[in-house]
Structure formats: C-alpha cells, structure tokens
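Here my numbering is used: the first residue of the sequence shown is 58, the next is one more, and so on. So the structure is just underneath, and the comments pick up after that.
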Amino acid sequence: LLLDIMMPGIDGYEVTRRIRQNERLPYIPILLITAHDQSSVVEGLDAGADDFIRKPVDVNELLARVRSLLRLKRSIDEQTYMMQQRDDFVARLTHDLRTPLVAANRVLQLCVQGVFGEASSEVKTALENVVTNNENLLQMANTLLEVYRHEAGQKSLTLSRFSLRELCQELVQELAPLAAQHGLDLRLAVADRDSYSVRADRLEIRRLLTNLVGNAIKFTESGQITIRLQMSEVQQIQIDVEDTGPGISEADQAEIFQWFRPGKHMRSGSGLGLHLSQRIAQMHGGHLSVRSRPGEGSTFSLSLPAGALAAEMATTGSSYHNSPSVERP
C-alpha cells in the first residue's frame with residue numbers, strides 16, 4: 058500500500074495507525090511517501106509503516122522497495138499459513154482424542170466399582186490413580202479444544218441474565234468438600250446484599266471461576282480460599298479469588314496468562330487454563346489479573362464492565378459484540 062503523508066482530510070500517519078489497529082485485517086505492507094525531514098520518518102515508523110521513500114520519487118528505487126516489501130509479505134503469509142495448519146491439526150487431534158479418553162474413563166470407573174469382578178485393594182488403588190490421570194488428560198484435551206475455538210473466533214457467547222451472587226454460592230457449595238479434603242476452608246464474602254445480576258454467558262463465567270478456585274485449592278497447602286464479590290470504584294463488578302498459597306513471583310505473573318507459557322512456577326500448570334480464562338473474560342469485555350507476592354498468597358481478579366460502560370464497549374469495539382451489563386437492584 059503506497060500512502061502519501063500529505064492527503065486531504067486525513068494524513069498518511071492516521072491511515073497507517075487505523076490499519077495497524079484493525080486486528081481483523083491481514084498484514085498489509087505500507088510504504089509512505091514523504092517530502093519532509095527525518096522526524097516524519099520516525100513518526101511514520103512509530104505509526105506502523107514498513108518503509109519510506111522520499112519525493113521526488115525515483116521509479117527504480119520505488120520498484121525495488123515494493124519488491125522488498127512483497128518478499129516480506131510472502132514470508133509472513135507463509136508463516137501465518139503454517140501456524141493455521143498447526144492449530145487446525147492440534148484441534149482435530151484433540152477432538153479425536155476425546156472419544157477414546159471418554160470411553161476409557163467409563164470402563165475404568167466400572168472396574169473401580171467392581172462391575173467386572175472384585176479386585177484387590179492394591180488393584181483398586183492403581184485403578185483409581187489411572188482414573189485420576191485419565192480425567193486430567195481428558196480435562197486438558199477439553200481445555201485445549203476450547204482454547205482453539207476461542208483463538209479461531211469460532212466461539213460465540215450464549216447470553217442470559219443470572220445472579221453472580223447465586224453462581225458464586227453454587228461454586229462454594231460444590232467445591233467446599235474438595236477444599237475440605239485438602240484441609241482448606243472455602244468461603245464467599247459479598248460486600249452487600251446485591252444479587253449482581255449480569256447478562257453474560259453463565260456456562261463460560263462458571264468455567265472461568267471454577268478454574269480459578271480449582272487452581273487455588275490445588276496449589277494451597279493450608280489456610281483458606283475466599284471468593285470476594287463487590288462493585289469497584291470505577292463501576293466494574295469484581296470477583297476476587299484469594300488464597301493463602303505460596304504466591305507467585307513477578308516474572309511468572311507476567312507470563313501466567315499466556316498460551317503454553319507456564320513460567321517456572323507450578324501454579325501455571327500447562328499454561329492452558331488461565332489463558333482460556335483470560336479469553337473468556339475478554340469476550341465479556343472484561344479482564345483477568347493477578348496480584349501476588351511469594352509467601353503471601355495470590356489474588357486472581359475478574360473485572361466485568363457494569364451498566365453504561367458495558368453498553369459503550371458493545372458499540373465501540375468489542376470484536377465479539379457481546380459485552381455484559383450489570384444491574385444492581
């Protein structure tokens with residue numbers, strides 16, 4: 058794309074910025090044409106231009122720069138294609154793995170229950186370990202498939218109105234026995250009597266919160282886990298999952314939500330669950346963050362836009378056009 062910096066109405070800098078800010082567009086090489094000094098070159102490169110040519114334009118130089126940019130584009134297109142092929146392969150492989158994993162899990166559970174005959178205590182213990190490992194593998198396959206759907210833009214939200222307070226209460230009732238098995242106390246703390254009614258995808262929000270609480274239980278050796286529900290000062294509804302675990306270093310916090318970038322800390326696991334949770338939050342116009350210090354526990358915070366802010370986001374740039382709205386009775 059050849060752009061003259063000096064154009065009526067909107068200059069070449071702004072056109073370049075808008076192109077680069079549009080994530081839906083494929084990579085487009087941009088060559089800016091200028092008659093100005095070095096400062097204009099710097100501004101153009103900062104805006105996202107790939108190269109410059111000065112006026113008066115030399116045709117041979119122009120053709121050489123265009124050929125160079127076309128080679129760059131071909132290289133980027135090839136890399137994009139290879140990455141897409143890889144992602145498609147992983148998605149197909151993951152989908153095909155689910156069926157035998159589910160079947161194996163059912164057979165193993167029947168074996169543990171003694172349907173095929175009584176087994177010794179040692180055999181039952183071994184079978185229970187196999188069941189646990191198989192369930193972990195199945196959960197990883199399901200998470201990987203969900204991540205792919207989100208990354209490929211194939212995931213759509215099923216919006217409905219529900220109470221976040223009730224959802225959190227359900228999670229506490231469901232996961233409290235698991236926490237108790239680990240010697241932990243799981244509790245819910247709500248700032249007021251509000252129900253925090255929200256229009257969002259209940260299943261996806263539940264998946265996100267279940268992952269956060271499950272991680273807290275898994276990596277906290279003693280103490281308690283608190284789910285805290287409140288309205289923040291910037292008109293966002295906030296759900297905190299606080300634990301008394303070992304904490305996370307600043308270096309690992311910077312990478313903990315990245316895909317397959319688990320960092321050195323055991324908290325991040327495979328690098329899939331927290332990445333998926335962040336994607337779910339972003340689809341709802343929200344954000345997932347972490348605050349932690351080694352030895353002092355961790356707090357994972359889900360922030361969702363409330364009221365007018367959500368409506369504004371839905372009209373100004375949510376790529377999914379599905380932002381929630383929160384009502385306070």
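Each residue gets a CB set at the ideal place from its N, CA and C atoms; glycine is no exception.
- Contact annotation: the region 162 to 172 does not touch the region 94 to 113, with fewer than three C-beta pairs closer than 8 Å.
- Runs of the beta strand (DSSP E) spanning 3 or more residues and lying entirely within the region 164 to 220 occur at 217 to 220, in chain order.
- In the DSSP assignment, Q293 falls within the unbroken beta strand (DSSP E) covering 293 to 300.
- For R122, the CB contacts under 8 Å within the same chain, skipping 5 residues up- and downstream, are L88, D108, I110 in chain order.
- With respect to the C-alpha of D300, the residue from L331, H332, E353 having the closest C-alpha is E353.
- In this structure, L269 lies away from V229, with their beta-carbon atoms at least 7 Å apart.
- For F314, there is no enclosing alpha helix (DSSP H), as DSSP marks it with neither H nor E.
- Per DSSP, reduced to three states, the secondary structure at D108 is strand.
- When DSSP reads this structure, L59 sits in a beta bridge with L88.
- Of the candidates E135, H239, R81, V72, the residue whose Cα lies closest to the Cα of F276 is H239.
- Here I313 is buried: its Cβ has 16 or more other Cβ atoms, across all protein chains shown, within 10 Å.
- A straight-line Cα-Cα distance of about 17 Å links L58 and D103.
- Secondary structure of A248 (DSSP, three-state): coil.
- By the C-beta criterion, the region 277 to 297 is judged to be in contact with the region 232 to 250, since at least 3 inter-stretch pairs fall below 8 Å.
- Residue burial is scored here from C-beta neighbours: F146 has fewer than 16 other C-beta atoms within 10 angstroms and is therefore classed as exposed.
- DSSP, reduced to helix, strand and coil, places S360 within a strand of the structure shown.
- Within the same chain, and ignoring the five residues on either side of K181 in sequence, the residues whose Cβ sits closer than 8 Å to its Cβ are V169.
- Here the alpha carbons of V164 and F173 stand approximately 10 Å from one another.
- By the C-beta density criterion, I337 is buried, having at least 16 other C-beta atoms within 10 angstroms.
- For M197 and K130, the gap between their C-alpha atoms comes out near 35 Å.
- If the five residues before and after E203 are omitted, its C-beta is found closer than 7 Å to the C-beta atoms of L333, all from its own chain and listed in chain order.
- Taking a cut-off of 8 Å on C-beta distances, the region 216 to 231 does not touch the region 175 to 189, as fewer than three cross pairs fall below it.
- The residue from I90, Y84, R75 with its alpha-carbon nearest to that of M64 is I90.
- Within 10 angstroms of the beta-carbon of Y70 lie 16 or more other beta-carbons, which makes it buried.
- By the beta-carbon neighbour count (other beta carbons within 10 angstroms, threshold 16), S289 is exposed.
- Here the alpha carbon of I296 sits roughly 47 Å from the alpha carbon of I62.
- Counting only the Cα atoms, N190 lies some 11 Å from A161.
- Looking from the CA of T267, the closest CA among F357, E179, S178 belongs to F357.
- Straight across, the Cα-Cα distance linking S125 with R81 is about 24 Å.
- Bounds of the beta strand (DSSP E) holding T283 are 280 to 288.
- Annotated as distal: A257 and H344, with beta-carbon spacing of 7 Å or more.
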